[in-house]
Amino acid sequence: MGRWTGRMATAQLRTIQPTDYPTWRQVRRELALSDYDRQIVEEVTASIEAKGLQQPLCLGVDADGGVYLTDGHHRAIALMNLRVRHFHFQWFRITGRRARIEHTPFPYELLDR
């Protein structure tokens, strides 16, 4: 059985905590300050415009039900900038010091908390 891939409204990213940053505003600020990161966002934006999202974002769910974007910050910013309506993602469960890739549907109800 392969990794489960889901589809989610891009607007839901506002309810998902970006890892390594306290807010999405801070993600935007930090990526804009770095020439390297700014170039990546520009390249990813052009790619998404031309071909759509080619690699799903990765979400992690911790033991308390917190949902985090763990991989794909540049892609997430590009999706938000382009106002893409939906994106594909994969997810894993974080338990202690381990992460387990999930093969079951994502618990969308966690986003309503």
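Going by the numbering used here, the sequence shown opens with residue 33, and the numbers climb by one from there.
From the three backbone atoms N, C-alpha and C, an ideal C-beta is built for every residue, glycine too.
Exercise. Is it a yes or a no for the segment 40 to 58 touching the segment 97 to 105, going by three-plus beta-carbon pairs under 8 Å?
Worked result: yes
Exercise. Run through DSSP, which three-state label would L89 get?
Worked result: strand
For this session: Could you check if A43 is buried or exposed, using at least 16 other CB atoms within 10 Å of its CB as the buried criterion?
Result: exposed
For this session: Run through the segment 49 to 116 for me and flag every whole alpha helix (DSSP H) of 4 or more residues, listed as ranges in chain order.
Result: 56 to 65, 67 to 83 and 105 to 114
Exercise. Can you name, in chain order, every residue of its own chain whose Cβ lies under 7 Å from the Cβ of I72, other than the five neighbours on each side?
Worked result: H106
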